[in-house]
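Numbering (our numbering), first residue to last: 38 to 330.
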Amino acid sequence: MSKKLISFDWAIKRLLRNKANFVVLEGFLSELLFDNIKIEQILESESNQEMDDDKFNRVDILTKNSKNELIIIEIQSTYEIDYFHRMAYGTSKAISENHKLGDKYLNIKKVISINIVYFDLGQGEDYIYKGRTIFKGLHQNDILGLSEKQKQTFVKQEVADIFPEYYLLKVNQFNDIAKDTLDEWVYFLKNSEVKDSFKAKGLKEANEVLDIMRLPKEDQYGYNRYMDSLSLKASEVFSLKSEAEFKVREDEKLKNTNQIAKKSIAKGFDNETIAEITGLTIEKIQELRDEMN
């Protein structure tokens, strides 16, 4: 059994910023990062601005864990061809905004960028990808590591531990078969449902916190308006895509028809016969005939 819950993208902008509900986000992050994550606080910055037409990178959640690392969680429903660039900009922005001018670079915070997308981004068969920065030798093919002194000073084990780390969840590619607790979370992200059998950290709490019927009436109204706006946007995108595909088909059909007309002209058929064959007007056929002369 399962019940329909509030979508994660709406919840993360409203309910999950509440400290009392951190357990839900902590559960998700713990399952994804294979670590026991504790959220210290939700950070606010330029990148969190909720403006319909802002020029800043839109971050749904910017938080700091107990290791003093920054974690970005961003959700994107509609297609963006340059979303990879947006991910890079988001981590850069988080680093610069949280580094004090004049402070040593040693204190730059590690950034973990988690991106949940509901469209096909790039080419790949998996539904969860992880990206890290490594330095590989061009001649020896070795991976550049930290010296023992650097490990002690930075409290890091690898060079990659210093640079931003990326997680990309292509939710729509998930086949709805949950093989482990992380899959249970992906199932929830895709379907807004938690099955009774699920045991992933944070999902039990999500099943309670994100119950639509538990929302105050005004929040239920706001949520329904939000979902309506998503449906409208999806419909607009579908309509534009359909129109573009129709135009391509029509252009291709016209091109083929013109080719048939030109071949008929070359074989000596008169304009009336060609019009009957192709459906083109006499004027259009004469125009094609003039082009060939």
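Even for Gly, the Cβ is constructed at its ideal location relative to N, Cα and C.
In this structure, the alpha-carbon of Glu117 lies about 30 Å from that of Lys216. Cβ neighbours of Asn308 within its own chain (closer than 8 Å, five residues either side excluded): Ile319, Ile322, Gln323, Arg326.
A contact is defined here as three or more CB-CB pairs under 8 Å, and the segment 163–182 fails this definition with respect to the segment 130–147.
Going by beta carbons, Tyr224 and Ile151 fall outside the 8 Å limit. DSSP places Ile98 in no alpha helix (DSSP H) but in the uninterrupted beta strand (DSSP E) bounded by 98–102. If you compare the alpha carbons of Ile76, Ser44, Phe71 with that of Asn58, the shortest gap goes to Ile76. Proximity to Asp157 across Lys186, Val208, Arg169 peaks at Val208, based on C-alpha coordinates.
Taking the CA atoms as reference points, Ser272 sits about 49 Å from Leu181. Boundaries of the beta strand (DSSP E) around Ile76: 76–79. For Glu309, the enclosing alpha helix (DSSP H) begins and ends at 308–315.
A direct Cα-Cα distance of roughly 14 Å separates Asp233 from Asp248.
When only Cα atoms are considered, Lys227 and Asn212 end up about 10 Å apart.
Exposed is the label assigned to Ser276, since fewer than 16 other Cβ atoms lie within 10 Å of its Cβ. Taking the CA atoms as reference points, Leu66 sits about 12 Å from Ile153.
Each residue's CA atom was taken as its position, placing Lys186 and Asn105 some 21 Å apart.
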